[in-house]
Each structure stands twice: as C-alpha cells, then as structure tokens.
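Q: In the numbering used here, the protein residues as written are 1 to 119. Beta carbons: idealized from backbone N, C-alpha and C, even for Gly. The following block contains the structure, expressed as structure tokens.
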Amino acid sequence: MTSATPTDPDCLFCKIVAGEIPADVVHEGAATVAFRDINPQAPLHVLVVPRAHHENAAASAAADAEGFAALFAAAAEVARAEGHDDYRLVFNTGAGVGQTVFHTHLHVIAGRPMTWPPG
Ligand code: 5GP
Ligand code: ZN
C-alpha cells in the first residue's frame, strides 16, 4: 500500500488491517485482508476488507476500483481454501439494513443451508 492509502484512526477494521487489534486472519493480499467474523453466522463466516478505508461498497467501488475488485477474488480463494464451492457474499450498506462497521467489508458465508430471500 502506498502512503496515500486512506485510513481512519478510529476505525475498527483499519486497526485490524494495521495489526493493532488481533483477528483470525485467513488471507492477505496487496489490497485486501480477510479474517473470521467474531460472531459467525455460519460454519464459514469471513470478512474480506480492502486495506483502504471507505465507508461502504459503493464508496470503495468509486474511489478504489482495484481494491474493490480484489475483494471478490479474495473471497473466492477463501471459500475454496476452506472447502466450500457454494457460498454467499453480502455487503450490508447502511445502518437500516444492518451495517454496523463503516469500513467496506464483504461477508463470505458458507457451510449451512440458506434461505432466500434473506431476512
Ligand atoms: P455489518 O453488520 O457491518 O455488515 O458487519 C460487521 C461484522 O463485523 C459483524 O458480522 C460483526 O460480528 C463483525 N465484527 C464486529 N467487531 C468485530 C471484531 O472486533 N472482530 C471481528 N473479527 N469481527 C467483528
Ligand atoms: Zn477503516
């Protein structure tokens, strides 16, 4: 990452990316870090985050297109490495649909039956 990579000193996921807060990291790329969710909703529940701080997926797509695209490749690698061909990818965008951490994160969820539509 370059010195221009945006970070927020008050952001939980920026602190995990920086190694200042421990996490169970399962994958690291030039632009991404993936770690297990602290409150897993399925046997596999990993969060893939861009190293660059933006508040949601749309903001990352606009400002960090390369890092945003890398999220999907990392998610596929994590799912495959953990033995899952079938998995669900979710971006919660906005508090109204359950976003609680305002640093873009792609949920990778697998390992149990899932229903559609989601709740
Ligand atoms: P959101 O609700 O914003 O889509 O997802 C945030 C996710 O971050 C939640 O699933 C929550 O369990 C997870 N989370 C919150 N704090 C921590 C933490 O300190 N470490 C890890 N590994 N996950 C966290
Ligand atoms: Zn952040």
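Out of G29, A30, F13, state which residue places its alpha-carbon closest to the alpha-carbon of P22.
A: Among G29, A30, F13, the Cα nearest to that of P22 is on F13.
Q: From the DSSP output, in three-state form, read off E77 for me.
A: helix
Q: Between W116 and R88, what straight-line distance do the alpha-carbon atoms span, to the nearest angstrom?
A: 11 Å
Q: Looking at the structure shown, is V101 part of a helix, part of a strand, or coil, going by DSSP?
A: coil
Q: Less than 6 Å separating the Cβ of H105 from some heavy atom of the ligand ZN?
A: No, Cβ of H105 sits at least 6 Å from all heavy atoms of the ligand ZN.
Q: May I ask you to check if the CB of H53 is nearer than 6 Å to at least one heavy atom of the ligand MN?
A: By its list of ligands, the structure shown excludes the ligand MN, since it contains just the ligand 5GP and the ligand ZN.
Q: Would DSSP call A4 helix, strand or coil?
A: coil
Q: In whole angstroms, give me the CA-to-CA distance for K15 and V108.
A: Distance between the alpha carbons of K15 and V108 is about 20 Å.
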